[in-house]
Amino acid sequence: MNQLNEIPTPASGYRVEEMDGELLLYHPQSTATVYMNQTAALVWQLCNGDRSVGQIISILEESFPDLDTEVRADVLVALKSFSQHGALKS
Amino acid sequence: MVEYCSKTFVQLGQCAVVIRNYSQSLEPSLQFLLRDLKSEKSRTEIEFTIDDGKTDAKEYVIKRGDSFPHRAKTAGEVCTYLIGEIIYHLIDKNEKDLLLHAACLTYNGMGLLLPGVSGAGKSTITAWLLENGFGYLTDEIVSVNLGTWLTEGLARPLNIKLLGMEAIRNAKIGKLENATILDSSISHLVEHRAFNPHFVRETTHIKVIVFPRYSATKDFSLTEISSAKVTLLLMQAFVNARNHAEHGFHDISKFARSVKGLELTYSNFDELAALKQKLLEMMTDQRFKKPTS
Chain A
1 MNQLNEIPTP ASGYRVEEMD GELLLYHPQS TATVYMNQTA ALVWQLCNGD
51 RSVGQIISIL EESFPDLDTE VRADVLVALK SFSQHGALKS
Chain B
91 MVEYCSKTFV QLGQCAVVIR NYSQSLEPSL QFLLRDLKSE KSRTEIEFTI
141 DDGKTDAKEY VIKRGDSFPH RAKTAGEVCT YLIGEIIYHL IDKNEKDLLL
191 HAACLTYNGM GLLLPGVSGA GKSTITAWLL ENGFGYLTDE IVSVNLGTWL
241 TEGLARPLNI KLLGMEAIRN AKIGKLENAT ILDSSISHLV EHRAFNPHFV
291 RETTHIKVIV FPRYSATKDF SLTEISSAKV TLLLMQAFVN ARNHAEHGFH
341 DISKFARSVK GLELTYSNFD ELAALKQKLL EMMTDQRFKK PTS
């Protein structure tokens, strides 16, 4: 998930538990649990199946102008992690 | 001829097993193992029998129902095998309670949970905390009632691995010289009263969860962790998850929200003084925060 025009789409079947800004995704069939820190949780919440990777980065850069140099890398790391855990449709 | 037979029930949460022992020579060791686990008769599905072997070789034979028998040569081997089997069967059919692979202690009536895989140091830290004024519930498995959130533990003797035992002896923790200890090839079953003679069988509400990790090469660290991280780590210690709807994920997260969590990395007992200090600070608030959705 490195192309900015790709559209990350959440895989179906995950249960989501929000806890103090962090997220846990749990898949009852695979029993996989995915922990997301606050940054990853923000990225996840922006993955709605319509937005591209580039749009997600833009939204977060606008929201956190002081961190704009880190946002791009953080988003890509988070998306890679979601993908590795099977939380995104391939 | 009058045959010897003793019968002991062991219960944790909703499940119980019964152990029938036909070996008189084994009885003292079995009483040592089961002393603080005994329960009144209750609904029992699993029965273990122990007998002296019929061959000339001195051995004990342990059977579960009609299963293939397990043979052991020493009382220590019998007890180590038996407690593993008892725990497995107490977990296997339990679909009401949250069963967690964790040590559990109390301080001022409040509960401290130490979940962790084998080798994380649960029993060794438990020994140290017992000597430092904490009360004993278990070093291996707890049952959390989903209605009351009360936690009970399987109060077996401490099962201390060979290296842990060496560390405990070197640090002169506990009164081991007069303690009952059963040896097996991989561990020692040690009387928990050797570390704290004041034992009361009790249930508790968990206040703090510490996830320990022993590492001889890493620096000491003790870090507060979020509820989400506590949930993630508790799911790894949740041994009857498969018996719950959606693997009990929502119940575990509810439980995690009601406690405080710490991650501990340690390499020696001297470092545990900082853990005790932190625990005392966290466990002074007497209020129980009931889990809510």
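Line by line, the protein sequences are chains A and B. The opening residue of the first sequence carries number 1 in our numbering; numbering runs sequentially from there. The opening residue of the second sequence carries number 91 in our numbering; numbering runs sequentially from there. Backbone N, C-alpha and C define an ideal beta-carbon position, used for all residues, glycine too.
Taking a Cβ-Cβ cut-off of 7 Å, residue 96 (chain B) has no neighbours in chain A, whose nearest Cβ is about 41 Å from it.
Note on geometry: alpha-carbon atoms of residue 126 (chain B) and residue 104 (chain B) lie some 17 Å from one another.
In chain order, 99 place their CB closer than 6 Å to the CB of residue 131 (chain B), counting only its own chain and leaving out the 5 sequence neighbours on each side. With respect to residue 317 (chain B), residue 19 (chain A) sits close: the two C-beta atoms are nearer than 7 Å.
Taking a Cβ-Cβ threshold of 8 Å, none of the residues of chain B is close to residue 72 (chain A); the smallest such distance is about 25 Å. Comparing alpha carbon positions, the residue from A:50, A:57, A:32, A:51 closest to residue 39 (chain A) is A:57.
Secondary structure of residue 332 (chain B) (DSSP, three-state): helix. By alpha-carbon distance to residue 368 (chain B), the top candidate from B:338, B:314, B:113 is B:314. For chain B, the residues of the stretch 22-37 of chain A that bring a beta carbon within less than 9 Å of one of its beta carbons are 22, 23, 24, 26, 28, 31, 33, 34, 35, 36, 37, in chain order. A contact is defined here as three or more CB-CB pairs under 8 Å, and the stretch 340-356 of chain B fails this definition with respect to the stretch 245-256 of chain B. With a minimum length of 3 residues, the unbroken runs of beta strand (DSSP E) contained wholly in the stretch 131-203 of chain B fall at 136-142, 150-154, 160-162, 188-197. Under the Cβ distance rule, residue 321 (chain B) counts among the residues neighbouring chain A, one pair being separated by less than 7 Å. Exposure of residue 276 (chain B) is indicated by the presence of fewer than 16 other C-beta atoms within 10 angstroms of its C-beta. Per DSSP, the continuous beta strand (DSSP E) segment holding residue 106 (chain B) begins and ends at 105-111.
Comparing C-alpha distances from residue 364 (chain B) to each of B:222, B:336, B:101, B:165 shows the shortest one belongs to B:222. Proximity of residue 339 (chain B) to chain A, defined by a Cβ-Cβ separation below 7 Å, is satisfied. Spanning the alpha carbons of residue 320 (chain B) and residue 351 (chain B) requires a straight line of approximately 6 Å.
When A:9, A:3, A:90 are compared, the shortest CA-CA separation from residue 43 (chain A) is found for A:9. Taken through DSSP and simplified to helix, strand or coil, residue 265 (chain B) comes out as coil. In chain order, 123, 246 place their CB closer than 7 Å to the CB of residue 173 (chain B), counting only its own chain and leaving out the 5 sequence neighbours on each side. If you look at residue 373 (chain B), you'll find it isn't in any beta strand (DSSP E); DSSP assigns it neither H nor E. Taken in chain order, the unbroken stretches of alpha helix (DSSP H) that lie wholly in the stretch 17-82 of chain A and span 4 residues or more are 38-46, 53-63. Residue 278 (chain B) carries a strand assignment under DSSP once its states are collapsed to helix, strand and coil. Taking a beta-carbon distance threshold of 7 Å, residue 213 (chain B) does not count as an interface residue toward chain A. Checking the DSSP bridge columns, you'll see residue 96 (chain B) partnered with B:111. Of the other Cβ atoms in all chains shown, 16 or more fall within 10 Å of the Cβ of residue 75 (chain A); this residue is therefore buried.
By the C-beta criterion, the stretch 188-199 of chain B is judged to be in contact with the stretch 327-334 of chain B, since at least 3 inter-stretch pairs fall below 8 Å. The C-beta of residue 208 (chain B) comes no closer than 7 Å to any C-beta of chain A. Our two residues, residue 298 (chain B) and residue 310 (chain B), have alpha carbons roughly 19 Å apart in a direct line. Excluding residues up to 5 positions away in sequence, 151, 152, 153 lie with their Cβ nearer than 8 Å to the Cβ of residue 159 (chain B) in the same chain. Cβ neighbours of residue 251 (chain B) within its own chain (closer than 6 Å, five residues either side excluded): 277. Within its own chain, no residue has a Cβ closer than 7 Å to the Cβ of residue 340 (chain B) once the five positions on either side in sequence are excluded. The alpha-carbon separation between residue 348 (chain B) and residue 249 (chain B) amounts to approximately 29 Å. Cβ atoms of residue 206 (chain B) and residue 302 (chain B) come within 8 Å of each other, at about 5 Å.
Taking a Cβ-Cβ cut-off of 8 Å, the neighbours of residue 347 (chain B) in chain A comprise 19, given in sequence order.
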